[in-house]
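Engineer:
There are 2 protein chains.
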Amino acid sequence: MPGLHIYLAGPDVFWPDAREAGAAKVTLCDRYGCTGLFPLDSELDLQELSPYDAGLAIYRANIGLMQRADLVIANMTPFRGPSMDVGTAFELGYMAALGKPVWGYSLDGRLYSDRVAGEDAEIDSDGMTIERFDMADNLMLIGAIEDSGGRLISDTAEHSLDAHLAVFEKVLRLALDRA
Amino acid sequence: MPGLHIYLAGPDVFWPDAREAGAAKVTLCDRYGCTGLFPLDSELDLQELSPYDAGLAIYRANIGLMQRADLVIANMTPFRGPSMDVGTAFELGYMAALGKPVWGYSLDGRLYSDRVAGEDAEIDSDGMTIERFDMADNLMLIGAIEDSGGRLISDTAEHSLDAHLAVFEKVLRLALDRA
Chain A
1 MPGLHIYLAG PDVFWPDARE AGAAKVTLCD RYGCTGLFPL DSELDLQELS PYDAGLAIYR
61 ANIGLMQRAD LVIANMTPFR GPSMDVGTAF ELGYMAALGK PVWGYSLDGR LYSDRVAGED
121 AEIDSDGMTI ERFDMADNLM LIGAIEDSGG RLISDTAEHS LDAHLAVFEK VLRLALDRA
Chain B
1 MPGLHIYLAG PDVFWPDARE AGAAKVTLCD RYGCTGLFPL DSELDLQELS PYDAGLAIYR
61 ANIGLMQRAD LVIANMTPFR GPSMDVGTAF ELGYMAALGK PVWGYSLDGR LYSDRVAGED
121 AEIDSDGMTI ERFDMADNLM LIGAIEDSGG RLISDTAEHS LDAHLAVFEK VLRLALDRA
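Respectively, the protein sequence lines represent chains A and B.
Numbering follows the UniProt record's numbering, in which position 6 of the first sequence is assigned residue number 6; successive positions increment by one, without gaps.
Numbering follows the UniProt record's numbering, in which position 120 of the second sequence is assigned residue number 120; successive positions increment by one, without gaps.
The structure is reproduced here in structure tokens:
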């Protein structure tokens, strides 16, 4: 279904080539007749703001983009730990509460429990229980994808921009087929 | 304001003493005349379910609790990395989208950027930009607290149950004063 607005969530904004990555995803959305909304900080004028107020301005801009979007496709590849980026996780919760479909991809195909520890461990190095739900990440994220009608596509690959774009395009096609 | 329902979010469910921790937070809520909703897996009958379906059942139960709640108080102490638990981050997004106040506490008083790297580093060990917004965690989380009228209270302390309860009670009192 053309004309859809898609929120492009993920820690891609922290990549050294964030602008290029965002532009490439937006171009792919264009090619399929929809509009990609990429939260790129630099489209705001943050010059005069304190760091904290700049952060708030970006928050508000991202909330605005999510309100305009019809669905979200999130990069859920683990970021600074065994789980996805927390800002992106927040955004999946926000979109789920608005009743919008949640889609995602990851370049790490393992189960969450296997990333945290070996197959037999029941607690992690801090003594915390390792949840074993045969899910790729925390159950709130996977539950939201399942119940919103989306899907998570995983592909174990080098973390290159091309690899991200290839699996992103797979998800995009599935999401547009189902919309 | 008594009678409020408070969603008790956090990775506390993964603690070895999860039941005790949940019960202690619920008791504190009781003492202030409100109801704590703690997402304890074991109140569901998950015996017959596959791990994946058990995860989904817990997801749906937690969504139900959030819909009943008037506000959320989240344990945002870093979990398995420099950021808070992703499931909890999802829940903050969910509650923010429902227009409900988001409150939190952390037992790590440092700025996010200082947890990820030293004060001068601009990129992390994977080459990712370290955002510097003078915030305790990702800007989506801090923005939601700010714009929903909540607060994040940090207290650098040993990670004991008593320390959690002490700072949780501070947040609870502030939240009830403001409600």
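C-beta: ideal position from N, C-alpha, C; glycine also.
1. Can you look up residue 164/B in the DSSP assignment and give me helix, strand or coil?
2. I need the straight-line Cα distance from residue 94/B to residue 95/A, nearest angstrom please.
3. Identify which residue in 127/A, 100/A, 176/A and 35/A has its Cα closest to the Cα of residue 14/B.
4. Does DSSP put residue 130/B in a helix, in a strand, or in coil?
5. What does residue 104/A touch in chain B if you count any residue whose Cβ is under 8 Å from its own?
6. Would you say residue 62/B faces chain A, with C-beta separation under 8 Å as the test?
7. Can you have a look at residue 80/A and say buried or exposed, based on whether 16 or more other CB atoms are within 10 angstroms of its CB?
8. For a contact defined as C-beta to C-beta under 8 Å, what are the partners of residue 16/B on chain A?
9. Rounded C-beta distance between residue 166/B and residue 71/B? I'm assuming under 8 Å.
10. List the residues of chain A whose Cβ lies closer than 8 Å to the Cβ of residue 81/B, in chain order.
11. For residue 55/A and residue 48/B, what's the separation of their Cα atoms in angstroms?
12. Taking 8 Å as the threshold (C-beta atoms), are residue 101/B and residue 9/B in contact?
13. From the DSSP output, which residues share a beta bridge with residue 150/A?
14. Can you say whether residue 24/B is buried or exposed, counting buried as having 16 or more other CB atoms within 10 angstroms of its CB?
15. My understanding is that residue 109/A touches residue 162/A, with C-beta atoms under 8 Å, so please give their C-beta distance in whole angstroms.
16. For residue 156/A, does the three-state DSSP call read helix, strand or coil?
17. Which of the three DSSP states is assigned to residue 7/A in this structure?
18. Following the continuous beta strand (DSSP E) through residue 268/B, name the residue where it begins and the one where it ends.
19. So which residues on chain A does residue 101/B lean against when the C-beta distance must stay under 7 Å?
20. Name the residues in the segment 47-58 of chain B whose C-beta lies less than 8 Å from a C-beta of chain A; which are they?
21. Residue 113/A by DSSP, collapsed to three states: which one?
22. Is the Cβ of residue 89/B closer than 8 Å to any Cβ of chain D?
23. Would you say the beta carbon of residue 151/A is closer than 7 Å to some non-hydrogen atom of the ligand FAD?
24. Please check the pair residue 138/A and residue 99/B, which I expect to be a contact at CB under 8 Å, by giving their CB distance rounded to whole angstroms.
25. Does the beta-carbon distance from residue 168/B to residue 105/B come in below 8 Å?
26. What does residue 134/A touch in chain B if you count any residue whose Cβ is under 8 Å from its own?
27. For residue 39/B, count the other beta carbons within 10 Å of its own beta carbon; 16 or more makes it buried, fewer makes it exposed. Which is it?
28. How far does the beta strand (DSSP E) with residue 105/B in it reach, from first residue to last?
29. Any beta carbon of chain B sitting closer than 8 Å to that of residue 143/A?
30. Can you list, in chain order, the residues of its chain whose CB lies under 8 Å from that of residue 130/A, leaving out five sequence neighbours each side?
31. Identify, in the order they occur along the chain, each residue of the same chain with its Cβ nearer than 7 Å to the Cβ of residue 78/B, setting aside the five sequence neighbours on each side.
32. I want to see whether chain A comes within less than 8 Å of residue 96/B, judged by CB atoms only; does it?
33. For the segment 156-178 of chain B, enumerate the residues whose C-beta is nearer than 8 Å to any C-beta of chain A, in chain order.
34. How about residue 44/B and residue 61/B: do their beta carbons lie closer than 8 Å?
35. With distances taken from CA atoms, which of 64/B, 171/B and 5/B is nearest residue 97/A?
Structural biologist: Reading from the atomic positions:
1. In the structure shown, residue 164/B sits in a helix (DSSP, three-state: H, G or I).
2. 8 Å
3. 127/A
4. coil
5. Those do not exist, as residue 104/A stays about 12 Å from chain B at its closest Cβ, beyond 8 Å.
6. Yes, residue 62/B lies at the interface with chain A (some Cβ there is under 8 Å from its Cβ).
7. buried
8. 123, 127, 128 and 129, listed in chain order.
9. About 20 Å separates the two Cβ atoms, so there is no contact after all.
10. 80, 81, 82 and 83
11. So the two alpha carbons sit approximately 46 Å from each other.
12. no
13. Residue 150/A pairs with nothing; no bridge assigned.
14. buried
15. So it is not a contact: roughly 17 Å between Cβ atoms.
16. coil
17. strand
18. With chain B running from 1 to 179 in the structure shown, residue 268/B is simply not present.
19. Result: empty, since nearest Cβ-Cβ is about 14 Å, beyond 7 Å.
20. 50, 51, 52, 54, 55, 56 and 58
21. helix
22. Here the protein chains are A and B, and chain D is not one of them.
23. The ligand FAD is not part of the structure shown, which contains no ligands of any sort.
24. About 24 Å separates the two Cβ atoms, so there is no contact after all.
25. yes
26. Within chain B, the residues placing a beta-carbon under 8 Å from that of residue 134/A are 50, 51, 52 and 55, ordered along the chain.
27. buried
28. Residue 105/B -> beta strand (DSSP E) spans 102-106.
29. yes
30. Result list for residue 130/A: 113, 116, 117, 121, 122, 123 and 124, in chain order.
31. 84, 108 and 115
32. yes
33. The segment 156-178 of chain B vs chain A, Cβ under 8 Å: nothing.
34. yes
35. Nearest of 64/B, 171/B and 5/B to residue 97/A, Cα basis: 64/B.
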